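Chemist:
Numbering (the numbering used here), first residue to last: 12 to 130.
(1) Pick out whichever of 101, 100 and 121 has its Cα sitting closest to the Cα of residue 110.
(2) Find the nearest neighbour of residue 91 within the set 79, 125 and 101, judged by alpha-carbon distance.
(3) With 16 other CB atoms within 10 Å as the buried threshold, where does residue 143 fall?
(4) Using a Cβ-Cβ cutoff of less than 8 angstroms, which residues in the same chain neighbour residue 73 once the five nearest sequence positions on both sides are dropped?
(5) By the 10 Å Cβ neighbour count, where 16 or more other Cβ atoms means buried, how is residue 75 classified, buried or exposed?
Here it is in structure tokens:
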């Protein structure tokens, strides 16, 4: 019986490790090149991020709704509406940097949120 519980515990640790590897592979801290290699970006701390900045929680500025846009730093309801209106008037964003062209949003706000933004 003791052997059985030891095997179950070991299997649980192995599965947890496998899930952790797959979760890291989807992290925005990695950039996947077309040659199927993974390049590590500059990571300066190993602190656990807040829930809204957790790895994998990115905001696509071309598809995000009002509430999702409001999870970004310095983006309240008024700026989130401005992003949606800009998108409706001008079409899809080509790059994250184009977000700075939205009324009320400058390059500083884009830089603060860059790690979480995607198009």
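Where is the CB? At the ideal position from N, CA and C, for every residue including glycine. Remember, it's a predicted structure, so these values are computed and weren't measured experimentally.
Modeler: Considering the structure as presented:
(1) Ranking the options by Cα distance to residue 110, first place goes to 121.
(2) Distance check between residue 91 and each of 79, 125 and 101 places 79 closest, using alpha-carbon atoms only.
(3) What is shown of the chain runs 12 to 130, which leaves residue 143 out entirely.
(4) Take residue 73, set aside five residues on each side of it, and the residues of its chain with a beta-carbon closer than 8 angstroms to its own are 98, 103, 104 and 130, in chain order.
(5) Answer is buried; the Cβ neighbour count reaches 16.
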